[in-house]
Amino acid sequence: MNQLLTVFNGSSIFSKIYSHGAYNLLRIKEGDEHLTAFRTKYGSHEYLVMPFGLANAPASFQNLVNDIFYDILDIYVVAYLDDIMVFSKSGEEHFTHVFTALSRLRANKPFSKASKCLFHVSSVEYLGYIVSSEGLNMDQEKVQKILNSPPPRNLKGLQSFLGFANFYRRFIKNYSKKTSSLTSFLKKESCFPLNEEALSQFHQLKEAFTTAQIHSHFNPSLPTIVETDASNYALGFVLSQVSDSGKHPIAFDSHKPIPTDLNYEINYKELLGIVLALKC
Numbered sequence: 001m002n003q004l005l006t007v008f009n010g011s012s013i014f015s016k017i018y019s020h021g022a023y024n025l026l027r028i029k030e031g032d033e034h035l036t037a038f039r040t041k042y043g044s045h046e047y048l049v050m051p052f053g054l055a056n057a058p059a060s061f062q063n064l065v066n067d068i069f070y071d072i073l074d075i076y077v078v079a080y081l082d083d084i085m086v087f088s089k090s091g092e093e094h095f096t097h098v099f100t101a102l103s104r105l106r107a108n109k110p111f112s113k114a115s116k117c118l119f120h121v122s123s124v125e126y127l128g129y130i131v132s133s134e135g136l137n138m139d140q141e142k143v144q145k146i147l148n149s150p151p152p153r154n155l156k157g158l159q160s161f162l163g164f165a166n167f168y169r170r171f172i173k174n175y176s177k178k179t180s181s182l183t184s185f186l187k188k189e190s191c192f193p194l195n196e197e198a199l200s201q202f203h204q205l206k207e208a209f210t211t212a213q214i215h216s217h218f219n220p221s222l223p224t225i226v227e228t229d230a231s232n233y234a235l236g237f238v239l240s241q242v243s244d245s246g247k248h249p250i251a252f253d254s255h256k257p258i259p260t261d262l263n264y265e266i267n268y269k270e271l272l273g274i275v276l277a278l279k280c
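All residue numbers for the sequence shown refer to the UniProt record's numbering, where the first residue is 1 and numbers rise by one.
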């Protein structure tokens, strides 16, 4: 999914198209219908088209979408399952791009739900992020849920809080370090409530979300700076680019070292940070 968010550099106009009920457009291979059989009180039945819930359904549908847009993917269209976005640098160009995308969908029969589509906007929510000409930002409604969260009182509450926070970890510098005490309470033998150190991290993490910077779109023509840091508690990096207006962050990320990572010398640990950055 992260790869889909790296292609918007220079774009200022966006449209989002939602493909409605598209799984049901995929015909089950003739002769394989029995593999989808299910039993009800009215008898046994088989699907003729792809239902939701099958293990291979998402990959099969993604292949269909990729085939529809094969020559314009990452040029002015990105598609993740039924969420399709068209992005352009100008209004005139965008009209042509949207017309092409909709024509492809019409020719291949995936129908769109108008109430869930947006056309010709300067910023749009896509895959949980706000995309605009300025860069990537967090969805403030989701951030507000994090800020409104009370201190977790049990394991389930902590898992829920960290689940929300982890989604936006790329915006929080030294995220792993800032959550090290909290994640230690994920162990089954941990006792709640949170101790003073973990409670302090909880409030500091919420504060970090209020000051997080918007991330500029990656520009392959600009110099890229990779900064890494490593310790026995976290491996992390900062990915930035330099333009005429200065240095701008592209992404942050950090991870807790696995046991084998702790055997490395410090210079090798920092090299692991570079590996993380290249995978970003």
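The C-beta atom is built at its ideal place from N, Cα and C for all residues, glycine as well.
Check	Outcome
For Asp229, three-class secondary structure by DSSP	strand
C-beta contact flag for Ser11 and His120 at 9 Å	no
Span of the alpha helix (DSSP H), counted from its first residue to its last, around residue 326	For residue 326 there is no data in the structure shown, the boundaries of the chain being 1 and 280.
Neighbourhood of Met50 by C-beta, 6 Å cutoff - its chain only, sequence neighbours within 5 removed	Tyr23, Leu26, Ala57
Sufficient close CB pairs (3 or more, under 8 Å) joining the segment 191 to 210 to the segment 241 to 251	no
Three-state class that DSSP yields for Leu136 in the structure shown	strand
Option nearest Thr6 by Cα separation, candidates Gly128, Ala114, Gly135	Gly135
Cβ distance (whole Å) where Phe237 is taken to contact Ala277 below 8 Å	4 Å
Residue ranges of each alpha helix (DSSP H) within the segment 78 to 149, 4 or longer	91 to 108, 140 to 147
Which listed residue (Tyr76, Tyr70, Asp82) has its alpha carbon closest to that of Lys61	Here the sequence assigns Phe to residue 61, which means Lys is not the residue at that position. It is Asp82 whose Cα lies nearest to the Cα of Phe61.
Own chain partners of His217 with C-beta closer than 6 Å, once the 5 adjacent residues on each side are dropped	Phe8, Asn9, Gly135
Unbroken alpha helix (DSSP H) run spanning His203, endpoints	196 to 211
Per DSSP, cross-strand counterpart(s) of Ile17	Ile84
Endpoints, the beta strand (DSSP E) within which Lys178 is located	Per DSSP, Lys178 belongs to no beta strand (DSSP E); it is in the alpha helix (DSSP H), 175 to 178.
Contact the segment 113 to 132 vs the segment 223 to 233: 3+ CB pairs below 8 Å	no
Residue from Leu127, Val143, Ser122, Ser44 whose Cα sits closest to the Cα of Ser133	Ser122
Where the beta strand (DSSP E) containing Ala251 begins and where it ends	246 to 255
N-terminal and C-terminal residue of the alpha helix (DSSP H) that Leu158 is part of	155 to 167
Selection from Leu54, Ser103, Val124 that minimises the alpha carbon distance to Met85	Val124
Buried versus exposed, by CB contacts within 10 Å (16 or more), Gln159	exposed
Within 9 Å, strictly: CB atoms of His34 and Ile72	no
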